[in-house]
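In the numbering used here, the protein residues as written are 342 to 781.
For each residue, glycine too, the CB sits at the ideal point set by N, CA and C.
Taking it in order: structure first as structure tokens, then the write-up.
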Ligand code: ATP
């Protein structure tokens with residue numbers, strides 16, 4: 342059975358991963374809130390990315406730049422003039438489209454996407470995707486600023502600061518995770534395309550001429566990362582942008598695509614941005630942004646290889662990849678086979694029954710594990726149902742205190758995927774869990 346978007350949306354709401362934003366006021370289109378399980382999953386995905394980019398590389402450092410920036414940054418970057426989508430309206434059914442998303446074959450056959458009439462489409466109008474707001478109390482043109490539509494520019498304008506303070510030498514990278522905002526014309530498909538989302542971006546600064554090799558290196562590393570994250574590699578592929586699809590800043594661009602329930606879609610972009618951004622900022626700011634190579638005594642603007650992934654899209658890919666409905670002998674179980682590294686709870690602890698001192702022992706285990714990992718305690722209902730609830734939440738391990746525990750200080754340790762249970766001594770529990778979570 343292949344997973345549908347409806348099933349994911351329903352599980353997310355039911356179990357507290359993701360809620361419609363402002364739900365009690367009727368909701369706000371394409372905005373979502375992450376609930377108790379969702380916030381853990383999202384945080385774990387961000388930590389996983391941060392570890393694989395920053396901690397696993399000697400030459401990558403982190404940054405957290407402000408969302409609000411000098412408006413001239415967006416002039417220099419080309420966003421004020423060019424971050425537009427061509428918007429087309431249907432005069433008949435009032436549907437709104439991105440012209441580049443209308444299938445030309447369908448249009449040629451006289452089928453407009455919804456009402457089927459191409460003659461009633463308006464001419465495309467360029468619509469700038471940046472959200473505008475005002476800084477300070479007076480809403481006048483001079484105070485207009487933007488919510489950043491990508492985190493990358495915060496890295497470019499800080500590159501000299503980072504270089505001077507961290508004593509990195511080329512090649513080196515700057516990584517950042519943060520919110521970005523785009524006034525998308527056609528948001529939708531749950532958290533796949535929203536107007537407020539989070540990005541995980543790493544910009545890698547290299548000597549011009551080393552850019553082609555660096556792009557290849559990052560393509561390989563990014564695929565290895567998705568493998569480690571636990572995604573099914575047969576659902577991942579690269580798509581290269583053709584010359585007519587390349588963004589204004591890019592010399593070469595590859596999308597990492599994932600086969601979502603809605604089809605193959607972009608998950609991440611790996612781009613060779615050349616010195617486009619640094620030379621634009623150098624020109625607009627009047628500041629010398631060249632890198633000085635103290636061995637060759639040369640000054641030059643580095644080329645930049647960018648890896649830009651969406652947090653929310655990665656989370657959606659992880660959920661879709663992990664979701665399974667399994668037919669057991671007597672019942673169906675819904676299970677999320679999330680990798681232990683990103684699962685919201687690493688383990689759940691149950692007393693088999695609420696008597697004979699079992700809850701006290703289970704709570705002691707819970708308190709002991711809590712300092713080291715996110716765990717859950719549950720004493721309500723039949724133990725089989727408690728297992729099912731944890732399967733749906735993606736909890737990889739369940740620990741049950743039963744009557745044998747009272748005799749020999751062992752507990753059962755149940756594995757989510759195989760559903761097998763083994764007995765383990767309470768004193769060896771924490772280490773065993775830590776090893777399993779690390780994949781040892
Ligand atoms: P698309 O073609 O889907 O609009 P894009 O090519 O404009 O995306 P980039 O500007 O390369 O996307 O952004 C990098 C990453 O940020 C994307 O691969 C995606 O994971 C994420 N992203 C971009 N726009 C959105 C959005 N509106 N909602 C959620 N994630 C997004």
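Cβ distance (whole Å) where residue i is taken to contact residue j below 8 Å
i           : j           : result
residue 460 : residue 512 : With 8 Å as the limit, residue 460 and residue 512 do not qualify as a contact, their Cβ atoms being about 54 Å apart.
residue 463 : residue 432 : 6 Å
residue 594 : residue 610 : 6 Å
residue 470 : residue 408 : Going by Cβ atoms, the distance from residue 470 to residue 408 rounds to 15 Å, so no, they are not a contact pair.
residue 539 : residue 514 : At roughly 19 Å, the Cβ-Cβ gap does not stay under 8 Å, so residue 539 and residue 514 are not in contact.
residue 685 : residue 737 : Contact flag wrong, Cβ pair sits at about 10 Å.
residue 365 : residue 376 : Between residue 376 and residue 365 the Cβ distance is about 14 Å, and since that is not below 8 Å, they are no contact.
residue 735 : residue 677 : 3 Å
residue 675 : residue 732 : 7 Å
residue 687 : residue 716 : 6 Å
residue 704 : residue 349 : Residue 704 to residue 349, Cβ: 33 Å. No contact.
residue 468 : residue 553 : Not confirmed; about 35 Å, so no contact.
residue 357 : residue 378 : 5 Å
residue 603 : residue 346 : 6 Å
residue 536 : residue 524 : 6 Å
residue 541 : residue 387 : 7 Å
Beta-carbon proximity list for residue i, same chain, < 7 Å, skipping 5 on both sides
i           : result
residue 574 : 568
residue 369 : 362 and 363
residue 625 : 413, 416 and 417
residue 474 : 486 and 488
residue 766 : 750 and 751
residue 389 : 570, 682 and 683
Start and end residues, alpha helix (DSSP H) containing residue i
i           : result
residue 631 : No alpha helix (DSSP H) holds residue 631; DSSP gives it neither H nor E.
residue 346 : 346-356
residue 507 : 493-507
residue 778 : 770-779
Nonlocal neighbours in the same chain, by C-beta distance under 6 Å from residue i, ignoring five residues either side
i           : result
residue 516 : 394, 395, 401, 403 and 543
residue 419 : 589
residue 532 : 373, 653 and 657
residue 600 : 576
residue 596 : 580, 607 and 610
residue 385 : 683
residue 559 : 611, 646 and 648
residue 466 : 428
residue 679 : 663 and 735
residue 530 : 603
residue 615 : 592 and 644
Cβ of residue i within 8 Å of any chain B Cβ
i           : result
residue 482 : Note that chain B does not occur in the displayed structure, where there is just one protein chain.
Residue i, enclosing beta strand (DSSP E) - first and last residue
i           : result
residue 739 : 738-742
residue 568 : That residue, residue 568, is in no beta strand (DSSP E); its alpha helix (DSSP H) goes 552-570.
residue 612 : 604-615
residue 577 : 577-581
residue 533 : Note, residue 533: premise wrong, no beta strand (DSSP E); not H, not E.
residue 763 : 762-766
residue 591 : Note, residue 591: premise wrong, no beta strand (DSSP E); not H, not E.
residue 547 : 537-547
residue 520 : 513-522
residue 690 : 688-692
residue 359 : 359-361
Own chain, CB closer than 8 Å to residue i, minus 5 neighbours either side, in chain order
i           : result
residue 623 : 629, 630, 631 and 642
residue 598 : 577, 578, 579, 580, 605, 606, 607 and 608
residue 619 : 497, 500, 630, 642, 643 and 645
residue 547 : 511, 512, 555, 643, 644, 645 and 646
Worksheet item: At a cut of 8 Å, does the region 570-585 reach the region 649-661 through at least three beta carbon pairs?
Response: Judged by Cβ distances under 8 Å, the region 570-585 makes contact with the region 649-661, as three or more pairs qualify.
Worksheet item: Would the region 706-715 and the region 767-779 be scored as touching if the rule is three or more Cβ pairs under 8 Å?
Response: With a cut-off of 8 Å, the region 767-779 and the region 706-715 count as touching, because enough Cβ pairs lie within range.
Discussion item. Any contact between the region 690-697 and the region 739-752? By contact I mean 3 or more CB pairs, one from each, below 8 Å.
Written reply: Enough Cβ pairs lie closer than 8 Å, so yes.
Discussion item. For the region 502-509 against the region 416-428, do three or more pairs of beta-carbon atoms, one drawn from each stretch, fall closer than 8 Å, so that the two count as touching?
Written reply: No: fewer than three Cβ pairs fall under 8 Å.
Practice prompt. Mind listing, in chain order, the continuous alpha helix (DSSP H) runs of no fewer than 4 residues lying wholly within the region 641-685?
Written response: If we require 4 residues or more, the alpha helix (DSSP H) runs fully inside the region 641-685 come out as 652-663.
Discussion item. Extract the residue ranges of the alpha helix (DSSP H) inside the region 371-454, only unbroken runs of 4 or more that lie entirely within it.
Written reply: If you keep only unbroken alpha helix (DSSP H) runs of at least 4 residues inside the region 371-454, you get 377-391, 412-417, 420-423 and 445-449.
Discussion item. In chain order, what are the residue ranges of uninterrupted beta strand (DSSP E) at least 3 long that sit wholly in the region 707-760?
Written reply: With a minimum length of 3 residues, the continuous beta strand (DSSP E) runs that stay inside the region 707-760 are 716-718, 738-742 and 751-756.
Worksheet item: For the region 463-488, which segments carrying the beta strand (DSSP E) assignment without a break, of at least 3 residues, lie completely within its bounds, in sequence order?
Response: Qualifying beta strand (DSSP E) stretches, in chain order: 466-469, 473-475 and 485-487.
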